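Have a look at the structure below, then the notes.
Numbering (this note's numbering), first residue to last: 47 to 168.
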């Protein structure tokens, strides 16, 4: 039997997603839902095949220093990725993904609601 990839989910994700991840992978979850510190994230890069961070997790170049990284993908749960040093990840062959476009419709809806709320009656 093939060993399942080890993944770390750094913050709480929707329950349905966490259930699927637990079924398909050897998944570890940060159930305290508190942002992990630099030491914990650095250790995760050396212990897990995939790390699934959110925008609250800072992954600067210093976390990648020293090599010996097991992680091959950072599957970011969020639109932006400015909290991840893309160049450092790329240098070590780590793919970085994100979820572009997921906020486009709701952002437009909120903008229209705000505009309508300040429009004069009449």
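Ideal Cβ placement from N, Cα and C applies to all residues, glycine included. Values in this document were obtained by computation on a predicted structure and should not be read as measured data.
Going by other Cβ atoms of all chains shown within 10 Å of its Cβ, with 16 needed for buried, is residue 55 buried or exposed? Position 9 of the chain shown, counting from 1, holds the residue named residue 55. When all chains shown are included, residue 55 counts as buried.
Determine contact between the stretch 116 to 128 and the stretch 136 to 155, defined as no fewer than three beta-carbon pairs at a distance below 8 angstroms. By the Cβ criterion, the stretch 116 to 128 is in contact with the stretch 136 to 155, since at least three pairs of Cβ atoms, one from each stretch, lie closer than 8 angstroms.
Do residue 53 and residue 84 come within 8 angstroms of each other at the CB atom, strictly closer than that value? Sequence index remark: in the chain shown, residue 84 carries index 38 (1-based). Sequence index remark: in the chain shown, residue 53 carries index 7 (1-based). Residue 53 sits away from residue 84, with the two beta carbons spaced by 8 angstroms or more.
Of all the beta strand (DSSP E) runs that stay within the bounds of the stretch 48 to 123, which reach a length of 3 or more residues? Complete beta strand (DSSP E) runs here, min 3: 52 to 55, 72 to 75, 96 to 98 and 119 to 121.
Would the beta-carbon of residue 57 fall within 8 angstroms of that of residue 102? Start at 1 with the first residue of the chain shown, and residue 57 comes out as number 11. Start at 1 with the first residue of the chain shown, and residue 102 comes out as number 56. Yes, they are a contact pair.
Quick one: is the Cβ of residue 112 within less than 7 angstroms of any heavy atom of the ligand MG? For the ligand MG, the structure offers nothing, since it holds no ligand at all.
Please state whether the Cβ-Cβ distance between residue 117 and residue 91 is less than 8 angstroms. The sequence position of residue 117 within the chain shown is 71, counting from 1. The sequence position of residue 91 within the chain shown is 45, counting from 1. Their beta carbons are under 8 angstroms apart, which means residue 117 touches residue 91 by this criterion.
Alpha carbon of residue 157 to alpha carbon of residue 129, nearest angstrom: Residue mapping note: residue 157 aligns to position 111 of the chain shown, counting from 1. Residue mapping note: residue 129 aligns to position 83 of the chain shown, counting from 1. Their Cα atoms are separated by approximately 26 angstroms.
Rounded separation between residue 69 and residue 166 - CA only: The residue you call residue 69 lines up with position 23 of the chain shown. The residue you call residue 166 lines up with position 120 of the chain shown. Cα-Cα distance, rounded: 53 angstroms.
Hey, how far is the Cα of residue 81 from the Cα of residue 151? By one-based count along the chain shown, residue 81 stands at place 35. By one-based count along the chain shown, residue 151 stands at place 105. Each residue's alpha carbon lies about 28 angstroms from the other.
Going by beta-carbon coordinates alone, are residue 132 and residue 96 separated by less than 8 angstroms? Your numbering for residue 132 matches position 86 in the chain shown. Your numbering for residue 96 matches position 50 in the chain shown. Taking 8 angstroms as the Cβ cut-off, residue 132 and residue 96 do not qualify as a contacting pair.
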